[in-house]
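Q: Right, I'll just put the structure down here and ask away after.
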Ligand SMILES: [Zn+2]
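Residue numbers (our numbering): -2 to 611.
What follows is the structure in structure tokens.
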């Protein structure tokens, strides 16, 4: 008897009975899974191999009604949500093609991601391959001795020219495994259906014997929260907090969600990182297992972020983001809207939902402002250009701009400005609803200037100047002017320990070896000739490393000249640096001491609570 590829389920039945049933089940799936279907349909079957091979056998069956000579099977080169080429075809091996009787068909690869099968006289074409699945993040595919986790874009090939056909997917897994998968279930134990390839590819799934699932209802929609991995608080508590976020978001978009079911697929990973990917009716999220002890708001903020995406980017989308061309880069200048506006609303909706406090919300906002102000690229690259070039990562970190961060701050400024102009009658919420009603509900993507059109429509004023300066341009964002609408002020907050003088460089490494990681353009270190990669040795004859430099700088004033010793390509160099004023600061966003009635009204509508100043 072959070894079962499956780990033991939580509740064990006698081994022989279990294996017997399992293999009978697999046999039935491989032989009989092909139901008589009235319309053409593409059928996918996933059958995991030995867990420590991390291989999943994917079989695709397609009976073309047309007399076509050849059929191209292609794997996406990227996945929606990550605007970088991934080349999932790198994980494919053992490709074969056959007809309905299992007779081999000739095939060849025509590019890195496309397999062309000669159909000959075959009624049905079957393509089969093994996919290496050994990565765990919010957009990956994993098969090991604990679970099967997949993202359709990674491993499900589409039939070129036939993405509109409905698809079925079956999983060859023990019937007592639990499965979290947003597609419609049409057969047992694991047979699912999608109306087309895009929907199939846009649905991640987790199957395991240990999945925990909680459910909550809101406004006629069932929300499924599936957890793989340890969760240190009761699921009912997480479900209740999530329900509040869901309610706040759904209310913002008119009170009724555009789906009857929505799935949150969570992986709790010891030592893991926060990562989320949005989908049509679901999201896949990873988080570090200690999140509920350390910083639960980060969990809820990410949950809110991905849920907001169900509107902003999955439905309110730039024209090129659906239907997707998976074969190559698609370009839009609006990732700052897709990601930045979503980042603005994730914390804000958590605040309005009462999941995070006003103090925590304002602190997070100040942190975002500080991050933006520490980015040298803010003065070089417009956020629309950063969106367009998301597919590239510039080698020079001094030109990079994070469209999540800057996009969120532009959204904040727009929100404040609309509220001020309309005396609180309208807000950015109205602009998002306008985009939803004008484009998304008609099944259309918005044009490249869609956000400006939306803001102008709700505010009744031109935003040409605003967009020229802050969106298509690189002018410094004047946060204070905009925060004033809600009676808020931005103040620099320096710890007394922070040096007043600066070298104008970024250090990396440790006390043993400290390297200059970045030299900020036109700042003190740059003017003195310091370079990235210089190994720092001494400042004014004293040992200089990550631990000592802050102390050495604390003793000095801006304008003083220091002698910096550093190794560069094996040779010791001495450079004189005229210290500059430390410009990188932390910030605090706080209510002004006596806000006007208009400011208080805007503040309350915006943040969900009356202003208080501590
Ligand atoms: Zn996002």
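Note that the Cβ used here is the ideal one computed from N, Cα and C, for glycine as well.
What residues in its chain sit with their C-beta under 7 Å from that of residue 408, if we drop five residues either side in the sequence?
A: The answer, listed in chain order, is 337, 338, 341 and 425.
Q: With C-beta atoms as the reference, is residue 257 less than 8 Å away from residue 219?
A: yes
Q: What's the call for residue 95, buried or exposed, on a 16-neighbour Cβ count within 10 Å?
A: buried
Q: Just to confirm, is the Cβ distance from residue 135 to residue 272 under 8 Å?
A: yes
Q: Give me the residue from 54, 113 and 150 with the minimum Cα distance to residue 126.
A: 54
Q: DSSP has residue 506 in a bridge; who is on the other side?
A: 511
Q: Which one of 307, 469 and 270 has the shortest CA to CA distance from residue 260?
A: Among 307, 469 and 270, the Cα nearest to that of residue 260 is on 307.
Q: Note the first and the last residue of the continuous beta strand (DSSP E) segment covering residue 90.
A: 89 to 95
Q: For residue 526, which residues of its own chain have a beta-carbon under 7 Å away from its beta-carbon, when the five flanking residues on both sides are left out?
A: 572
Q: Measure the beta-carbon distance from residue 384 to residue 330 and round it to whole angstroms, keeping in mind my assumption that it falls under 8 Å.
A: Yes, residue 384 and residue 330 are in contact; Cβ-Cβ is about 5 Å, under 8 Å.
Q: Classify residue 551 as buried or exposed, calling it buried when 16 or more other Cβ atoms lie within 10 Å of its own Cβ.
A: An exposed status is given to residue 551, since fewer than 16 other beta-carbon atoms sit within 10 Å of its beta-carbon.
Q: With a 10 Å radius around its C-beta and 16 neighbouring C-beta atoms as the bar for buried, classify residue 544 as buried or exposed.
A: exposed
Q: Report the rounded CA-to-CA distance for residue 280 versus residue 264, giving the unit in angstroms.
A: 11 Å
Q: Could you say if the stretch 409 to 422 and the stretch 481 to 489 meet the contact criterion of at least three C-beta pairs nearer than 8 Å?
A: yes
Q: Under 8 Å Cβ to Cβ from residue 358, same chain only, skipping five residues before and after it: list those, please.
A: Non-local C-beta neighbours of residue 358 in its own chain, meaning closer than 8 Å and more than five positions away in sequence, comprise 344, 345, 347, 348 and 604, ordered along the chain.
Q: State the beta-bridge partners of residue 53 as determined by DSSP.
A: 45 and 128
Q: So, is residue 380 buried or exposed, given that buried needs 16 or more other C-beta atoms within 10 angstroms?
A: buried
Q: Report buried or exposed for residue 104, applying the criterion of at least 16 other Cβ atoms within 10 angstroms of its Cβ.
A: buried
Q: With distances taken Cα to Cα, identify the nearest neighbour of residue 511 among 519, 533 and 289.
A: For the residues 519, 533 and 289, the minimum Cα distance to residue 511 belongs to 533.
Q: Determine, using beta-carbon pairs with one atom in the stretch 228 to 248 and one in the stretch 162 to 180, whether at least three such pairs fall under 8 Å.
A: no
Q: If you run the structure through DSSP and keep just helix, strand and coil, what is residue 256?
A: coil
Q: List the DSSP bridge partners of residue 176.
A: Looking at the DSSP output, residue 176 shares a beta bridge with 204.
Q: Tell me, which residues are paired with residue 111 by DSSP?
A: 71 and 108
Q: Return yes when the Cβ of residue 294 is within less than 8 Å of the Cβ of residue 353, no when it is not.
A: yes
Q: Does the distance from the CB of residue 433 to the CB of residue 313 come in under 8 Å?
A: Yes.
Q: My output table needs one value for residue 272: the three-state DSSP class, helix, strand or coil.
A: strand
Q: For residue 410, name the three-state secondary structure that DSSP assigns.
A: helix
Q: In terms of alpha-carbon separation, which member of 133, 371, 159 and 243 lies closest to residue 37?
A: Comparing Cα-Cα distances from residue 37 to each of 133, 371, 159 and 243, the minimum goes to 159.
Q: Sort 301, 528 and 420 by Cα distance to residue 593 and report the nearest one.
A: Of 301, 528 and 420, the residue nearest in Cα terms is 420.
Q: Under the three-state reduction of DSSP, which class applies to residue 403: helix, strand or coil?
A: Residue 403 carries a helical assignment under DSSP once its states are collapsed to helix, strand and coil.
Q: According to DSSP, is residue 261 helix, strand or coil?
A: strand
Q: Give a single yes or no on whether residue 419 has its beta carbon closer than 7 Å to a heavy atom of ligand 1.
A: no
Q: Using a Cβ-based criterion (distance less than 7 Å to any ligand heavy atom), does residue 302 qualify as near ligand 1?
A: yes
Q: Report the residue ranges of all beta strand (DSSP E) runs contained in full by the stretch 265 to 322; include only those spanning at least 3 residues, in chain order.
A: 272 to 275 and 279 to 285
Q: So the alpha helix (DSSP H) residue 431 belongs to, where does it begin and stop?
A: For residue 431, the enclosing alpha helix (DSSP H) begins and ends at 425 to 435.
Q: Given that a residue counts as buried once 16 or more other Cβ atoms are within 10 Å of its Cβ, and exposed if not, what is residue 402?
A: Label assigned to residue 402: buried.
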